[in-house]
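Order-wise, the sequence lines are chains A and B. Just so we're aligned, residue 50 is where the first sequence starts under this note's numbering, counting upward by one. Just so we're aligned, residue -17 is where the second sequence starts under this note's numbering, counting upward by one. The C-beta atom is built at its ideal place from N, Cα and C for all residues, glycine as well. Quick caveat: nothing in here was measured; it's all calculated off a predicted structure.
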Amino acid sequence: MVEDTSVKIEVVDLHKSFSNNQVLRGVNLEVRNGESMVVIGGSGVGKSVLIKCIIGLLRPDSGSIRVDGQEVTSLNEKSLNEIRKKFGMLFQAGALFDSLSVWENVGFGLKHHTSLRDGEIKAIAVEKLGLVGLSHVEDLMPSELSGGMRKRVSLARAIAIEPEILLYDEPTTGLDPIMADVINELIVQMRKKLQVTSIAITHDMVSAYKIADRIAMLYEGKIIEVGTPQQNRDSRNAIVQQFIQGRAEGPIKVR
Amino acid sequence: MNSVFGYIGGHFIRFLQESGRITMLFGQTIVLIFRPPFDVREPLSQMEEIGVRSIPVVVITAAFTGMVLALQSFTGFRRFHAETLVGTVVALSVTRELGPVLTGLMVSGRVGSAMAAELGTMRVTEQIDALHTLATNPVKYLIVPRFLASLVMFPILVVFADIIGIMGGYFVSVKILGTNPTIYIRRTWDYLELNDIYSGLLKACVFGMIMATISCYQGFYTEGGAEGVGKATTRAVVLSSLLILISNYFITALLF
């Protein structure tokens, strides 16, 4: 693969707190063009908060986030929506719209941001569903789908508007190991087929090693180490080692 | 002593914050109504939900209200031989007051709770976040159609309530209490003015806006999972009902 080292997303000294709880305390992270970045960390350390800041669902208290060099933290809702068209996001539980059928879910972005007709949107939706390995589900309602199918439909919705950046919020959480691997496989394929930049957050190390170009560890509100999966395995940092081996004892305090 | 002031002050500040946020959401909704894209399908389906599906509740409420009004006012008026005025009392009470208020309360219970629960569930299952990530304004997509549908359907429901309520009064007076039907209808028409009906419809518009804004607000800003959705639903109904009753007094006083 050709190395493209230009920076797609740059997070500098990001702070975010909720009432008295300081969640992010100076996060620095660089995601290169076309790279698959995985952010690992325990539950409640602010992984979700980080990606929600990146896509503008949460406003950070201070710090900077640049997407393609453009600062997003100070944008108003309208300009933010323009930036958001570069993004696709896979939510933890899918976040499919219950009142819309599967194809309407997948085609939601197209319906609202293009002048395509319903027939064309449905055709594209069926094609995207095919990309995530689903067929004959387009007319079902989300409530009729299993957890794994919901996630795949959500992925199809995220890629329908052909984003440059994909964000995955715990893509394998709540799935059986086989379905988790199906999703991992899809994430790898998405990157190959669509050349997207992606950020995934997870605490599933199997998944992290499978999909990551680089892994960043978030601990106590900061990124403490960034490296390739190999570097991550060989890390001398006791905190990283404790996390990837999943031990209860060690420097990480379990609250 | 300090903690007492702290308690009261804290609640007062929260009350002000909440009022401010509700007002801002209301303003945002009004602005977004006039901003393209204009969707027809969603408001129409909301009108069906809010309006058409509420007809049975409104009809039953109005019919029995009209009926009991006739009974009660007959008991009173008989004591000074003014039984024939029952028709007037029923018509004025229903169109000016009971039609809009009872419709507002009943429909708030039925529709407001559903709105808060639906939007609240969308919030806690991240569907509202998903709308943001798909570059769609959730206020425009979710709240504007519900607001418009309420604004249109409340007065229409009140027209139904007015007609059914007057018919209920007629039924009890004429068929049960034996009032002369011609006199009853005369007494209804002679004293009923168009302004009575208009003021009721104006109230209905205001109640519709109150119900939609409060219920959508409660649902939209739900926090804390299933429990939060339950609380939002309760608050939507209680707060809408209270504000309907309070605003009702002030509208009446203004139009007096």
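- The CB of residue 117 (chain B) comes closer than 8 Å to the CB of 130, 131, 133, 134, 158, 161, 162 in chain A, given here in chain order.
- Every alpha helix (DSSP H) of 4 residues or more that sits fully in the region -1 to 61 of chain B is shown, in chain order, as 23 to 32, 37 to 60.
- Leaving aside the five residues that flank residue 78 (chain B) on each side, the residues in its chain whose CB is nearer than 7 Å to its CB run, in chain order, 178, 181, 182.
- Excluding the 5 residues flanking it on each side, residue 152 (chain B) has same chain C-beta neighbours closer than 7 Å at 166, in chain order.
- Bounds of the alpha helix (DSSP H) holding residue 216 (chain B) are 207 to 237.
- Per the coordinates, the alpha-carbon of residue 148 (chain A) lies some 37 Å from the alpha-carbon of residue 69 (chain A).
- Using beta-carbon distances, residue 111 (chain B) counts as an interface residue toward chain A, with a partner under 8 Å.
- With a cutoff of 8 Å on beta-carbon distance, residue 92 (chain A) and residue 252 (chain A) are scored as near each other.
- Proximity of the region 197 to 212 of chain A to the region 168 to 187 of chain A meets the contact definition, three or more beta-carbon pairs being nearer than 8 Å.
- Under DSSP, the beta-bridge partners assigned to residue 64 (chain A) are A:74, A:111.
- Near chain B, meaning a CB-to-CB distance below 7 Å, the residues of the region 95 to 123 of chain A are 104, 106.
- Comparing C-alpha distances from residue 127 (chain B) to each of B:185, B:0, B:-12, B:18 shows the shortest one belongs to B:18.
- Taking a C-beta cut-off of 9 Å against chain A, the contacting residues of the region 82 to 111 of chain B are 100, 103, 104, 107, 108, 109, 110, 111, listed in chain order.
- Residue nearest to residue 137 (chain B) within the set B:0, B:-13, B:33, B:-15 is B:33 (criterion: CA-CA distance).
- In the structure shown, residue 193 (chain B) adopts helical secondary structure according to DSSP, grouped into three states.
- DSSP places residue 134 (chain A) in the coil class of the three-state scheme, outside both helix and strand.
- Taking 8 Å as the cut-off, the beta carbon of residue 196 (chain A) is found closer than this to the beta carbon of residue 224 (chain A).
- Under the criterion of beta carbons closer than 8 Å, residue 191 (chain A) and residue 199 (chain A) qualify as touching, at roughly 6 Å.
- Relative to residue 222 (chain B), the option among B:14, B:105, B:95 whose CA is nearest is B:95.
- Among the CB atoms of chain A, none fall inside 8 Å of the CB of residue -7 (chain B).
- Distance from the CA of residue 3 (chain B) to the CA of residue 288 (chain A), rounded to the nearest whole angstrom, comes to 43 Å.
- Inter-residue distance for residue 143 (chain B) and residue 212 (chain B) is about 30 Å (C-alpha atoms, whole angstroms).
- The DSSP assignment places complete alpha helix (DSSP H) segments of no fewer than 4 residues inside the region 90 to 177 of chain B at 95 to 106, 109 to 115, 126 to 152, 163 to 173, in order along the chain.
- In this structure, residue 83 (chain A) keeps its C-beta atom at 8 Å or more from the C-beta atom of residue 62 (chain A).
- Excluding its 5 nearest sequence neighbours in each direction, residue 105 (chain B) has C-beta neighbours in its own chain below 6 Å: 204, listed in chain order.
- Comparing C-alpha distances from residue 150 (chain A) to each of A:187, A:300, A:221 shows the shortest one belongs to A:187.
- DSSP places residue 218 (chain A) in no alpha helix (DSSP H) but in the uninterrupted beta strand (DSSP E) bounded by 214 to 218.
- The beta carbons of residue 232 (chain A) and residue 249 (chain A) sit about 10 Å from each other, so the pair does not count as a contact at 8 Å.
- Contact between residue 215 (chain A) and residue 239 (chain A) holds: CB atoms are separated by about 6 Å, below the 8 Å threshold.
- Take the alpha-carbon of residue 43 (chain B) and the one of residue -8 (chain B): they are about 40 Å apart.
- Using a CB distance below 7 Å, no part of the region 57 to 74 of chain B faces chain A.
- With 16 or more other Cβ atoms inside 10 Å of its own Cβ, residue 191 (chain B) counts as buried.
- Around residue 144 (chain A), the beta-carbon contacts reaching into chain B at under 8 Å are 107, 108, 109, 111, 112.
- Interface criterion met: the Cβ of residue 140 (chain A) is under 8 Å from a Cβ in chain B.
- Beta-bridge pairing by DSSP links residue 266 (chain A) to A:89, A:274.
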